[in-house]
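What follows is a short report on a single structure.
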Amino acid sequence: MTRRLVLLALIGLMAIPAVARADDDLAEVLLSATDADFHGSGVVMCTWGPDSAAATYEVTRSHGMSMVSGPNGDFILLGSLMASQYGADWYALEVAEWSAWSLSDRYSLGDRTATVRLGRPATEMIVMEGDRARARLVLDDESTVPLLTEVFDGDGRVFRSAAMVDFAATPGLELGMPEEFMEHEMLMPEQPSSRLPDSVFGYLRKDTYAMAGDGTQAFYTDGLFSFSVFETGRGTGPAEFGSATRFEVEGVLYGRIVTASNVWVHWRAPERSYVLVGDLPPDHIEGVLGELPRPGVRGVIMRLLARLFG
Amino acid sequence: MTHPSELLSSFLDGELVPEDHAAVAAHLGRCSACTADLDGLARVRDWIRGLPIEEPPVPLVPTLRRPPRWAWAAASAAAAALAVGLVVSPAQPQEVDLNMLAGQHTARVGVVPGLSMARGPVGGP
Numbered sequence: 001m002t003r004r005l006v007l008l009a010l011i012g013l014m015a016i017p018a019v020a021r022a023d024d025d026l027a028e029v030l031l032s033a034t035d036a037d038f039h040g041s042g043v044v045m046c047t048w049g050p051d052s053a054a055a056t057y058e059v060t061r062s063h064g065m066s067m068v069s070g071p072n073g074d075f076i077l078l079g080s081l082m083a084s085q086y087g088a089d090w091y092a093l094e095v096a097e098w099s100a101w102s103l104s105d106r107y108s109l110g111d112r113t114a115t116v117r118l119g120r121p122a123t124e125m126i127v128m129e130g131d132r133a134r135a136r137l138v139l140d141d142e143s144t145v146p147l148l149t150e151v152f153d154g155d156g157r158v159f160r161s162a163a164m165v166d167f168a169a170t171p172g173l174e175l176g177m178p179e180e181f182m183e184h185e186m187l188m189p190e191q192p193s194s195r196l197p198d199s200v201f202g203y204l205r206k207d208t209y210a211m212a213g214d215g216t217q218a219f220y221t222d223g224l225f226s227f228s229v230f231e232t233g234r235g236t237g238p239a240e241f242g243s244a245t246r247f248e249v250e251g252v253l254y255g256r257i258v259t260a261s262n263v264w265v266h267w268r269a270p271e272r273s274y275v276l277v278g279d280l281p282p283d284h285i286e287g288v289l290g291e292l293p294r295p296g297v298r299g300v301i302m303r304l305l306a307r308l309f310g
Numbered sequence: 311m312t313h314p315s316e317l318l319s320s321f322l323d324g325e326l327v328p329e330d331h332a333a334v335a336a337h338l339g340r341c342s343a344c345t346a347d348l349d350g351l352a353r354v355r356d357w358i359r360g361l362p363i364e365e366p367p368v369p370l371v372p373t374l375r376r377p378p379r380w381a382w383a384a385a386s387a388a389a390a391a392l393a394v395g396l397v398v399s400p401a402q403p404q405e406v407d408l409n410m411l412a413g414q415h416t417a418r419v420g421v422v423p424g425l426s427m428a429r430g431p432v433g434g435p
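Same order as they appear, the protein sequences are chains Y and U.
So for the first sequence, the numbering used here puts the first residue at 1; every next one is plus one.
So for the second sequence, the numbering used here puts the first residue at 311; every next one is plus one.
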């Protein structure tokens, strides 16, 4: 009996590292890809129900600095600093403080398959969330940068696809930062809103920042996907949501806008208004919204007026 | 022939005159970069053609809803309350700049790894 228990314990000890290694591998893949030097251009496409969007983009990354030309102009990321170009001028926004990155243990790597993409040796791998495929990655073997990423929704359909159509590993390329900025603002830490939970649907609130004017930005991530929840004054909101698609979560309506790289959701709760933006898939969004302040209006008279006039 | 990038879309759609078509085809035979570009264009075209054509889920012109009869009485009471200053009207809704929110989110995303950073962030609202 004792020998059997010892044997079972040994088998258990051998099994634990094998399970843990899968998560470690995915974390290593993401870290390695984020550090790699490359130049590439690609197409990002996103589809959620009747909403879809596509955009082309170009990225050059070297020594930790990324230069991006996207659908809304050019920007540079270098560590905690983001510089955006408007016309001939550059504007800098710098993150003052941030929490360390960690990957949720709900993700692991499935089987790997050797393949070729864009004429380059590559490896295809499936990111599993529990027993469901959440993403398919095709990584360039030389640089570990994803040449293709496909994110699946809760029904296994492709929600977002990002495909490089041109790629080169370019170690040691020298990139230049603008010599001066028209403005240089800091993203300063702020006290977390008591209305927003520390964790929602497996996402951790890592940081909270102040917004210009009255509002806060709560940044949530599970290490693979991330989103920000902007909490602003009651009744406020982006004008773009006037014609946004309405969708229902647990019996209440939200407005959404799908762009190539992000989904935007806006709603008004009794006390404050909210905008969520992030790259998380639809089933995660619905889970997250179910745990955040719900849409609604404050007070009997306001509820009555809302019922009368919408 | 230099890289005929601006002709690839027309080539794909069969809209080039025969001479240009032949020249682009010959170039594609020896240029992997243009072949990759053409492959990307073809996939985007196929993807767009594959999108479902659906009616908008929300009418672009909102339909007028006739409120229940009791609601008119309640509305009259609310209007009367407003008239005598019993109710303070809500603050005028203010607009939130989507570009500013996109900038703040992208800046924070860019600090740490994640799927967006691994493939290269796209950004923008």
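C-beta atoms are modelled at their ideal positions from N, C-alpha and C, and glycine is treated no differently.
Bear in mind the structure is a predicted one, so any value in this text is a computation, not a measurement.
(1) In whole angstroms, what separates the C-alpha of L173 (chain Y) from that of E183 (chain Y)?
(2) Counting only Cβ pairs nearer than 8 angstroms, list the residues of chain U close to D166 (chain Y).
(3) Going by alpha carbons, who is nearest to R256 (chain Y) out of Y:V265, Y:A36, Y:V249?
(4) Kindly indicate which three-state DSSP category C46 (chain Y) falls into: helix, strand or coil?
(5) Does any CB atom of chain Y fall closer than 8 angstroms to the CB of L408 (chain U)?
(6) Compare the Cα-Cα distances from M82 (chain Y) to each of Y:E185, Y:T149, Y:T208, Y:A53 and report the closest residue.
(7) Return the first residue and the last residue of the beta strand (DSSP E) that D207 (chain Y) is part of.
(8) Tell me the rounded alpha-carbon separation between P282 (chain Y) and L204 (chain Y).
(9) Could you pull the DSSP bridge partners for M65 (chain Y) from this structure?
(10) Figure out for me which residue from U:L408, U:A428, U:L318, U:H337 has the closest Cα to the Cα of A352 (chain U).
(11) Between H415 (chain U) and chain Y, is there a C-beta pair that is closer than 8 angstroms?
(12) Closer than 7 angstroms: is that where the CB of T416 (chain U) sits relative to any heavy atom of the ligand ZN?
(13) Counting contacts by CB-CB distance shorter than 8 angstroms, is V368 (chain U) in contact with chain Y?
(14) What are the start and end residues of the alpha helix (DSSP H) that includes E329 (chain U)?
(15) Here's the rule I'm using: 16 or more other beta-carbon atoms within 10 Å means buried, otherwise exposed. How should S199 (chain Y) be labelled?
(16) Look at the alpha carbon of F201 (chain Y) and the alpha carbon of S193 (chain Y), and state the distance between them as a whole number of angstroms.
(17) Around the Cβ of S243 (chain Y), are there at least 16 other Cβ atoms within 10 angstroms (buried) or fewer (exposed)?
(18) Would you mind giving the Cβ-Cβ distance between F225 (chain Y) and G424 (chain U), rounded to the nearest angstrom? I have them listed as a contact below 8 angstroms.
(19) Got a sec? Which residues, its chain only, sit under 7 angstroms from D214 (chain Y) by beta carbon, not counting five neighbours each side?
(20) Excluding five sequence neighbours on each side, which residues of the same chain lie with their C-beta closer than 8 angstroms to the C-beta of M65 (chain Y)?
(21) Take M128 (chain Y) and list the residues in its own chain whose beta-carbon comes closer than 6 angstroms to its own, dropping the five residues that flank it on each side.
(22) Can you tell me which of Y:E150, Y:C46, Y:L93, Y:F167 puts its alpha carbon nearest to the alpha carbon of M410 (chain U)?
(23) Using the Cα positions of P328 (chain U) and D155 (chain Y), report the straight-line distance between them to the nearest angstrom.
(24) In terms of residues, what are the limits of the beta strand (DSSP E) holding R117 (chain Y)?
(25) In angstroms with no decimal places, state the Cα-to-Cα distance between L118 (chain Y) and A210 (chain Y).
(26) Given this structure, state the Cα-to-Cα distance separating D323 (chain U) from R268 (chain Y), to the nearest angstrom.
(27) Using the three-state DSSP reduction, which class does L392 (chain U) fall into: helix, strand or coil?
(28) Compare the C-beta of T149 (chain Y) against all C-beta atoms of chain U and say whether one is closer than 8 angstroms.
(29) List, in chain order, every chain Y residue whose beta-carbon is nearer than 8 angstroms to that of P328 (chain U).
(30) Helix, strand or coil, according to DSSP, for D141 (chain Y) in the structure here?
(31) Beta carbons nearer than 7 angstroms to chain U: which residues of the region 82–101 of chain Y have them?
Put simply:
(1) 27 angstroms
(2) A343, A346, D347, G350
(3) Nearest neighbour of R256 (chain Y) by Cα position, chosen from Y:V265, Y:A36, Y:V249, turns out to be Y:V265.
(4) strand
(5) yes
(6) Y:E185
(7) 203–210
(8) 18 angstroms
(9) Y:S62, Y:L78
(10) U:L318
(11) yes
(12) Inclusion of the ligand ZN in the displayed structure is not the case, the ligand content being empty and no account of it being possible.
(13) In this prediction, V368 (chain U) has a pLDDT of 39, which is less than 50 and means its spatial position is unreliable; nothing more can be read from the coordinates.
(14) 328–338
(15) By the 10 Å Cβ count, S199 (chain Y) comes out exposed.
(16) 18 angstroms
(17) It is exposed - the Cβ of S243 (chain Y) has fewer than 16 other Cβ atoms within 10 Å.
(18) 7 angstroms
(19) T232, G233
(20) I76, L77, L78, L175, M177
(21) Excluding residues within five positions, the ones whose Cβ falls inside 6 angstroms are S108, G110.
(22) Y:L93
(23) 46 angstroms
(24) 107–117
(25) 43 angstroms
(26) 46 angstroms
(27) For L392 (chain U), the predicted structure reports a pLDDT of 42, less than 50, and the residue's modelled location is therefore unreliable. A value from the coordinates is still provided. In the structure shown, L392 (chain U) sits in a helix (DSSP, three-state: H, G or I).
(28) yes
(29) Near P328 (chain U) there are no residues of chain Y at all, since even the closest Cβ is about 27 angstroms away, more than 8 angstroms.
(30) In this structure, D141 (chain Y) counts as coil in the three-state DSSP scheme.
(31) M82, S84, L93, V95, W98, W101
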